[in-house]
Amino acid sequence: MNARDWDRLAAAYEAEVCDIFVRDRRNVIGRWLKARGLLRGKRTVLDLGCGIGSFFKLYGRRFGRKTGTDHSRRMLQIAARRCRQVPDCHWQRADAQRLPPALRDYADLVVCSNVITFVSAAACRRAMRETVRAAKPGGWLLFILPALESHDVVVAFETGRPTAQRKRPTAIVRRDDRIQRFYTAAGARQLAAGAGLRSITVRQVWYPWCDEGITRPLRGHEPPWDWCVTARRPRPQASQSAS
Ligand SMILES: C[S@@+](CC[C@H](N)C(=O)[O-])C[C@H]1O[C@@H](n2cnc3c(N)ncnc32)[C@H](O)[C@@H]1O
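Below you can see the structure in the form of structure tokens.
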């Protein structure tokens, strides 16, 4: 999908697309932010591919300077309106695969939620490289990625067929009119490791069945989920040995 496609989707986005920050009913993301001490000390945050600004709307008051980037003008307009009560928010139109140099080494925390889902693996690698560069050395990154295992469970439930057996760590999935890349847990970890990140953790962030259009889930089945990948940008060798 290009910027124009996202512009068109923007108005309906709030109603139509699962907003993982709000739907994270078990507060996996909030608990991680708290445990890492990121909600203290007015840290700098970059939300790359910020969409309608859901991360800042929910957590923005706990941070200092906040920049949301997106390639969709319309998404940024909606984000700015939704976050108008949140202090120190800045919005910038930028391609996730080619961030402006001013955003290098910029943030204590870089959030990149449901953006690295490009069909092209090379585009995913480019966006990962840019995302990592935007964190300060030693800074944290939080990615949300669509989970292939969860998708397979939903499809099995809908079709009554057995759950797919996957050999590859990622796959391209068509859902309604969107085609995007999904990741297994191993694939999510590989993506982060391939970008040179450290302290990588992959967690499930569950969301309600009804977000998948399933109103009567199987009893005892865990709800669908996205992957929450958290990791750290390494410090350069010299400063690492000095610290
Ligand atoms: C699925 S939405 C996620 C929005 C938000 N991060 C969230 O989780 O609520 C994907 C967002 O990434 C943006 N996006 C996709 N490709 C992009 C690119 N190459 N550069 C910048 N933004 C991009 C879209 O415009 C859209 O706002």
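Taking this note's numbering, I'd label the letters of the sequence shown as residues 40 to 282. All residues carry an ideal CB built from backbone N, CA and C; glycine is no exception. Owing to the predicted nature of the structure, the values given are computational and were not obtained by experimental measurement.
According to the DSSP assignment, Arg220 belongs to no alpha helix (DSSP H) but to the beta strand (DSSP E) extending over 217-222. Inclusion of Ala173 and Tyr145 in the CB contact set at 7 Å is warranted, their separation being smaller than that value. Under the DSSP definition of a beta bridge, Val212 partners with Gln219. In terms of CA proximity to Lys105, Gln131 leads the group Ala74, Ser111, Gln131. Annotation for His190: the continuous alpha helix (DSSP H) segment containing it runs 187-198.
The DSSP-derived three-state label of Thr170 is helix. Judged by beta-carbon spacing, Asp191 lies beyond the 7 Å limit of Ile59, meaning their Cβ atoms are not closer than that value.
Residue pairing by DSSP puts Thr106 in a beta bridge opposite Leu85, His129.
Secondary structure of Ser238 (DSSP, three-state): strand.
Short note on Ala135: C-beta closer than 6 Å to some heavy atom of ligand 1. When the beta-carbon positions are compared, Gly92 and Ala133 stay at least 7 Å from each other. 7 Å or more divides the Cβ of Ser189 from the Cβ of Pro247. By the Cβ neighbour-count rule, Val149 is buried, with 16 or more other Cβ atoms within 10 Å of its own.
Note on Lys73: under 16 other CB atoms within 10 angstroms of its CB, so exposed under the neighbour-count rule.
The continuous alpha helix (DSSP H) containing Arg121 extends over residues 112-121.
Between Asp63 and the set Arg101, Met167, Val244, the nearest pair of CA atoms involves Val244. A distance below 6 Å between beta-carbons, with the five flanking residues on each side excluded, links Arg137 to no residue of its chain. Contact between the stretch 78-95 and the stretch 149-164 is established, with three or more Cβ pairs separated by less than 8 Å.
Put simply, the stretch 65-79 touches the stretch 177-186. At least three CB pairs are less than 8 Å apart.
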